[in-house]
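Undergrad: This is the structure I have questions about; it appears just below.
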Amino acid sequence: MSHKLLLNGKEIEVILNRLACQLLEKHGDFSNTVLIGIQPRGAFLAERISALLQNEYQVKNLKTGLLDITFFRDDFRRHNKSLEANQTQIDFLVEDKKVVFIDDVLFTGRSIRAALTAIQSFGRPAVIELLVLIDRRFSRDLPIQPDYRGRQVDAINNERVIVSWGSDSTENAVYLKRTQTEL
Amino acid sequence: MSTLSVDHLLGIKYLQPQDIALIFQTADQFKEVINRPIKKVPSLRDITVANIFFENSTRTKLSFELAQKRLSADVISFSAAQSSVKKGETLLDTVNNILAMKVDMVVMRHSYAGAAHFLAKHVNARIINAGDGAHEHPTQGLLDSYSIREKLGEVGGKKVVIVGDILHSRVALSNIFALKMLGAEVKVCGPSSLIPKFIESLGVTVETDLRKALEWCDVANMLRVQNERMDFSYFPNSREYAMRYGINKELLESLSKEIVIMHPGPINRGVEITSEVADSGQSIILNQVENGVAIRMAVIYLLAEKIR
Numbered sequence: 005m006s007h008k009l010l011l012n013g014k015e016i017e018v019i020l021n022r023l024a025c026q027l028l029e030k031h032g033d034f035s036n037t038v039l040i041g042i043q044p045r046g047a048f049l050a051e052r053i054s055a056l057l058q059n060e061y062q063v064k065n066l067k068t069g070l071l072d073i074t075f076f077r078d079d080f081r082r083h084n085k086s087l088e089a090n091q092t093q094i095d096f097l098v099e100d101k102k103v104v105f106i107d108d109v110l111f112t113g114r115s116i117r118a119a120l121t122a123i124q125s126f127g128r129p130a131v132i133e134l135l136v137l138i139d140r141r142f143s144r145d146l147p148i149q150p151d152y153r154g155r156q157v158d159a160i161n162n163e164r165v166i167v168s169w170g171s172d173s174t175e176n177a178v179y180l181k182r183t184q185t186e187l
Numbered sequence: 017m018s019t020l021s022v023d024h025l026l027g028i029k030y031l032q033p034q035d036i037a038l039i040f041q042t043a044d045q046f047k048e049v050i051n052r053p054i055k056k057v058p059s060l061r062d063i064t065v066a067n068i069f070f071e072n073s074t075r076t077k078l079s080f081e082l083a084q085k086r087l088s089a090d091v092i093s094f095s096a097a098q099s100s101v102k103k104g105e106t107l108l109d110t111v112n113n114i115l116a117m118k119v120d121m122v123v124m125r126h127s128y129a130g131a132a133h134f135l136a137k138h139v140n141a142r143i144i145n146a147g148d149g150a151h152e153h154p155t156q157g158l159l160d161s162y163s164i165r166e167k168l169g170e171v172g173g174k175k176v177v178i179v180g181d182i183l184h185s186r187v188a189l190s191n192i193f194a195l196k197m198l199g200a201e202v203k204v205c206g207p208s209s210l211i212p213k214f215i216e217s218l219g220v221t222v223e224t225d226l227r228k229a230l231e232w233c234d235v236a237n238m239l240r241v242q243n244e245r246m247d248f249s250y251f252p253n254s255r256e257y258a259m260r261y262g263i264n265k266e267l268l269e270s271l272s273k274e275i276v277i278m279h280p281g282p283i284n285r286g287v288e289i290t291s292e293v294a295d296s297g298q299s300i301i302l303n304q305v306e307n308g309v310a311i312r313m314a315v316i317y318l319l320a321e322k323i324r
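Heads up: the sequence lines are chains H and L, in that order. Residues in the first sequence are numbered consecutively from 5, following our numbering. Residues in the second sequence are numbered consecutively from 17, following our numbering.
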């Protein structure tokens with residue numbers, strides 16, 4: 005098992021700022037846009053981007069929610085590991101809103117497929133976009149692509165991309181981890 | 017993450033504390049789901065569940081059906097009154113015939129204690145006990161503890177008194193097992209004719225004076241007098257029962273602290289509790305009903321995970 009550093013804390017900060025600016029360019033004052041972090045790993049990224057937009061770019065009244073997709077996944081009973089449910093926290097309707105899904109790594113696209121179904125419980129969004137920190141190329145099972153991507157990564161099957169958030173931004177890192185068994 | 021340590025939910029007695037924690041944690045998420053504009057998730061779309069009720073039930077049956085439908089399972093339900101059981105079919109034959117129709121899970125209520133165990137031993141499906149005689153009613157035990165946790169923050173260290181017909185009550189037994197497992201102190205209170213002889217062996221204390229019991233407790237769970245299970249008179253009449261073991265507004269207000277009132281339903285208004293008490297701010301009876309759906313969704317979901 006080995007680790008290879010893909011992004012360090014500083015690089016991640018630069019990327020997050022760029023992603024925030026891209027969102028700003030597209031969505032203006034965010035009056036009709038909501039950010040939704042996909043649980044569990046997208047939650048922290050959504051929180052970081054939301055904080056950046058509010059503190060650095062003075063976006064007011066930004067709505068951010070968390071969506072748990074456990075009960076919408078297509079691998080229930082087909083997976084050796086059990087699926088742990090997380091909290092969903094969306095205290096607004098997404099009807100006619102522009103929704104931006106935020107997740108850390110886009111791999112097969114199946115989580116995003118589940119999220120697309122799950123969000124319908126909260127209304128019919130006008131548009132759904134996808135923002136990911138890491139886009140793993142050549143690994144998609146479904147025709148799903150990000151609208152905003154931090155970094156594209158080529159990884160083979162027995163490699164995992166791990167995004168590790170530290171208590172301080174300098175401790176943030178993205179690793180490529182090689183495992184013995186194929187996932 | 018862990019899964020349930022059991023393949024069937026036959027009783028609280030067979031669960032581990034971590035199972036209850038897992039069920040509560042999952043129920044928290046389902047409670048959020050059932051408060052959404054669209055209250056349905058697709059998890060169990062390839063699972064079929066049969067609800068077999070050999071005894072009357074309104075809320076348990078509705079609650080189970082709703083839980084199954086909100087998980088997108090296919091559901092078939094029947095009560096014994098309309099089935100071939102009346103024509104002399106045995107329990108095992110009835111259930112095996114249902115399973116031949118490719119059913120994955122069975123929710124059963126039966127008047128004989130141990131009926132769910134028997135089924136779990138002999139048929140190849142997940143079994144959920146929805147009440148077996150005077151033995152256990154595990155989902156009720158779970159939802160009662162869950163409701164206490166929701167109202168008071170936690171169950172551990174709380175004092176709970178179960179009042180009424182302990183002798184015939186499967187709700188009492190499941191509640192005692194769940195509450196003790198979660199670290200609550202439990203007292204039972206009722207006429208001595210309705211308190212089982214060796215109940216202390218379960219780690220509970222006995223009190224026959226209702227006022228003393230209420231002064232002691234944080235939560236009072238008022239059970240229904242089960243007239244249908246009484247083959248002779250255990251107390252003179254329901255008026256006398258109401259006077260000695262019923263809670264009215266005056267009694268509730270004369271206590272030194274505010275206690276939480278629970279009732280598993282159906283209520284005999286004016287016997288165990290008066291309407292004023294049942295509809296008061298201290299009562300969480302309707303919260304119990306709402307939590308019942310979330311708890312049953314969690315149990316069904318977690319057991320369905322084990323169907324391969």
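Backbone N, C-alpha and C define an ideal beta-carbon position, used for all residues, glycine too. All figures in this text were calculated on a predicted structure; none of them were measured in a lab.
Looking at the strands, I want to know which residues DSSP matches up with H/D126.
TA: Working through the first sequence from its first residue, we reach residue 126 of chain H at position 122. Before going further, note that residue 126 of chain H is Phe rather than Asp in the sequence given. Looking at the DSSP assignment, H/F126 forms no beta bridge with any residue, so it has no partner.
Undergrad: Cutting at 7 Å between CB atoms, please list the residues of its own chain near H/N12, excluding the five before and the five after it.
TA: The count along the first sequence starts at 1 and reaches residue 12 of chain H at position 8. For H/N12, where only same-chain residues beyond five positions count, the Cβ hits under 7 Å are A177.
Undergrad: Output needed for H/P44: all residues of its chain with C-beta closer than 6 Å, excluding positions within five of it in sequence on either side, in chain order.
TA: Mapped onto the first sequence, residue 44 of chain H falls at position 40. Hits under 6 Å: N90.
Undergrad: With 9 Å as the C-beta to C-beta threshold (strictly closer), list the residues of the stretch 40-59 of chain L near chain H in chain order.
TA: Those would be Q41, T42, D44, Q45, F46, E48, V49, R52, P53, I54, K55, K56, V57, P58, S59, in chain order.
Undergrad: What I want to know is whether the C-beta of L/I50 ends up closer than 6 Å to one or more non-hydrogen atoms of the ligand ATP.
TA: Because no ligand of any kind appears in the structure shown, any question about the ligand ATP cannot be addressed here.
Undergrad: One question on the structure: do L/A194 and L/G219 come within less than 7 Å of each other, judged by their Cβ atoms?
TA: Counted from its first residue, the second sequence places residue 194 of chain L at position 178. Counted from its first residue, the second sequence places residue 219 of chain L at position 203. No, they are not a contact pair.
Undergrad: So, does the stretch 16-35 of chain H touch the stretch 22-40 of chain L, judging by three or more C-beta pairs under 8 Å?
TA: Contact between the stretch 16-35 of chain H and the stretch 22-40 of chain L is absent, because fewer than three Cβ pairs lie under 8 Å.
Undergrad: Quick one: which chain L residues come within Cβ less than 7 Å of H/F76?
TA: For the purposes of this step, residue 76 of chain H is taken as the residue at position 72 of the first sequence. Under the 7 Å cutoff, chain L gives V57, P58.
Undergrad: Identify the continuous beta strand (DSSP E) that holds L/A236 and give its terminal residues.
TA: Looking up residue 236 of chain L in the second sequence gives position 220. First-last of the beta strand (DSSP E) with L/A236: 235-238.
Undergrad: For L/K273 versus L/D23, is the C-beta spacing smaller than 7 Å?
TA: On the second sequence, position 257 is the one that residue 273 of chain L refers to. On the second sequence, position 7 is the one that residue 23 of chain L refers to. Contact flag unset, no.
Undergrad: Taking 7 Å as the CB-CB limit, is L/T110 close to chain H?
TA: On the second sequence, position 94 is the one that residue 110 of chain L refers to. No, L/T110 does not count as interfacial toward chain H.
Undergrad: May I ask which residues mark the beginning and end of the beta strand (DSSP E) holding H/N59?
TA: Along the first sequence, read from residue 1 onward, the residue named residue 59 of chain H stands at position 55. Unbroken run through H/N59 is the alpha helix (DSSP H), 46-59; no beta strand (DSSP E).
Undergrad: Could you tell me which of L/F251, L/D225, L/D234, L/P280 sits nearest to L/T74, measuring between CA atoms?
TA: Taking the first residue of the second sequence as position 1, residue 74 of chain L is located at position 58. It is L/P280.
Undergrad: Any beta carbon from chain H within less than 7 Å of L/T64's own beta carbon?
TA: By one-based count along the second sequence, residue 64 of chain L stands at place 48. Closer than 7 Å: no.
Undergrad: Taking buried to mean at least 16 other C-beta atoms within 10 Å of its own C-beta, is L/L59 buried or exposed?
TA: For the purposes of this step, residue 59 of chain L is identified with residue 43 of the second sequence, where counting begins at 1. The sequence shown places Ser at residue 59 of chain L, not Leu. By the neighbour-count rule (16 or more Cβ atoms within 10 Å), L/S59 is buried.
Undergrad: Mapping the DSSP letters down to three states, classify L/K103 as helix, strand or coil.
TA: The residue you call residue 103 of chain L lines up with position 87 of the second sequence. It is helical.
Undergrad: Can the beta-carbon of H/D108 be found less than 7 Å from the beta-carbon of H/G170?
TA: Residue numbering aside, residue 108 of chain H sits at position 104 when the first sequence is read from its first letter. Residue numbering aside, residue 170 of chain H sits at position 166 when the first sequence is read from its first letter. No; because the gap between Cβ atoms is not below 7 Å, this pair is not in contact.
Undergrad: Around the C-beta of L/D247, are 16 or more other C-beta atoms found within 10 angstroms, so that it is buried, or is it exposed?
TA: Against the second sequence, residue 247 of chain L aligns to sequence position 231. Per the 10 Å Cβ criterion, exposed.
Undergrad: I need the straight-line Cα distance from L/E231 to L/Q41, nearest angstrom please.
TA: Residue 231 of chain L sits at position 215 when you count from the first residue of the second sequence. Residue 41 of chain L sits at position 25 when you count from the first residue of the second sequence. So the two alpha carbons sit approximately 32 Å from each other.
Undergrad: Are the C-beta of L/T76 and some C-beta of chain H separated by less than 7 Å?
TA: In the second sequence, residue 76 of chain L corresponds to position 60, counting from 1. No, L/T76 lies away from the interface with chain H (no Cβ there is under 7 Å from its Cβ).
Undergrad: If distances are taken between C-alpha atoms only, which option among H/S125, H/L146, H/R144 comes closest to L/I54?
TA: The residue given as residue 54 of chain L occupies position 38 in the second sequence. L/I54 has its Cα closest to that of H/S125, out of H/S125, H/L146, H/R144.
Undergrad: Please classify L/R125: is it buried, with 16 or more other beta-carbons within 10 angstroms of its beta-carbon, or exposed?
TA: For this step, residue 125 of chain L is matched to residue 109 along the second sequence. Buried, by the Cβ-count rule.
Undergrad: If you drop the 5 nearest sequence neighbours on each side, which residues of the same chain put their C-beta closer than 7 Å to that of H/Y179?
TA: One-based indexing of the first sequence puts residue 179 of chain H at position 175. Around H/Y179: H7, K8, L9, L10, I166, S168.
Undergrad: Out of L/H138, L/S208, L/H153, L/M238, which one is the CA nearest neighbour of L/I275?
TA: In the second sequence, the residue the question calls residue 275 of chain L occupies position 259. Closest option to L/I275, Cα to Cα, is L/M238.
Undergrad: Verify the CB distance criterion: does L/T19 have a CB-CB separation below 7 Å to chain H?
TA: Residue mapping note: residue 19 of chain L aligns to position 3 of the second sequence, counting from 1. Closer than 7 Å: yes.
Undergrad: I'd like the list of long-range same chain contacts for L/Y317, defined as Cβ closer than 8 Å, with 5 residues on each side in sequence excluded.
TA: Along the second sequence, read from residue 1 onward, the residue named residue 317 of chain L stands at position 301. Excluding residues within five positions, the ones whose Cβ falls inside 8 Å are T42, F46, S59, L60, L87.
Undergrad: By how many angstroms is the C-alpha of H/T68 removed from the C-alpha of L/R324?
TA: Here the question's residue 324 of chain L lines up with position 308 in the second sequence. Here the question's residue 68 of chain H lines up with position 64 in the first sequence. Straight-line Cα distance between these residues: approximately 37 Å.
Undergrad: Could one say the Cβ of L/E321 lies closer than 7 Å to chain H's Cβ atoms, at least one of them?
TA: Against the second sequence, residue 321 of chain L aligns to sequence position 305. Yes - at least one Cβ of chain H is within 7 Å of the one on L/E321.
Undergrad: I'd like to know if H/A47 contacts chain L, where contact means its C-beta is closer than 7 Å to some C-beta of that chain.
TA: Stepping through the first sequence from its first residue, residue 47 of chain H is reached at position 43. By this cut-off, H/A47 is not an interface position.
Undergrad: Would you call the stretch 303-319 of chain L and the stretch 145-164 of chain L touching, i.e. three or more CB-CB distances under 8 Å?
TA: These segments touch.
Undergrad: Anything in chain H within Cβ reach of L/R324, meaning under 8 Å, just list it in chain order.
TA: If you number the second sequence from 1, residue 324 of chain L lands on position 308. Simply R81.
Undergrad: Just mark H/E175 as buried or exposed, buried being the case when its beta carbon has 16 or more other beta carbons within 10 Å.
TA: Indexing the first sequence from 1 puts residue 175 of chain H at position 171. H/E175 is exposed by the Cβ-count criterion.
Undergrad: Can you grab the Cα-Cα spacing for the pair L/R224 / H/P129, in whole Å?
TA: By 1-based counting over the second sequence, the position of residue 224 of chain L is 208. By 1-based counting over the first sequence, the position of residue 129 of chain H is 125. One point to set straight first is that residue 224 of chain L is Thr, not Arg, in the sequence displayed. The alpha-carbon atoms of L/T224 and H/P129 are separated by roughly 60 Å.
Undergrad: Taking 7 Å as the CB-CB limit, is H/S115 close to chain L?
TA: Indexing the first sequence from 1 puts residue 115 of chain H at position 111. Judged by the 7 Å Cβ criterion, H/S115 is not in contact with chain L.
Undergrad: Whole angstroms are fine: how far does the CA of L/E306 sit from the CA of L/F94?
TA: Residue 94 of chain L sits at position 78 when you count from the first residue of the second sequence. Residue 306 of chain L sits at position 290 when you count from the first residue of the second sequence. If you take the alpha carbons of L/F94 and L/E306, they lie about 23 Å apart.
Undergrad: DSSP on H/R22, reduced to helix/strand/coil?
TA: Start at 1 with the first residue of the first sequence, and residue 22 of chain H comes out as number 18. Three-state DSSP puts H/R22 in a helix.
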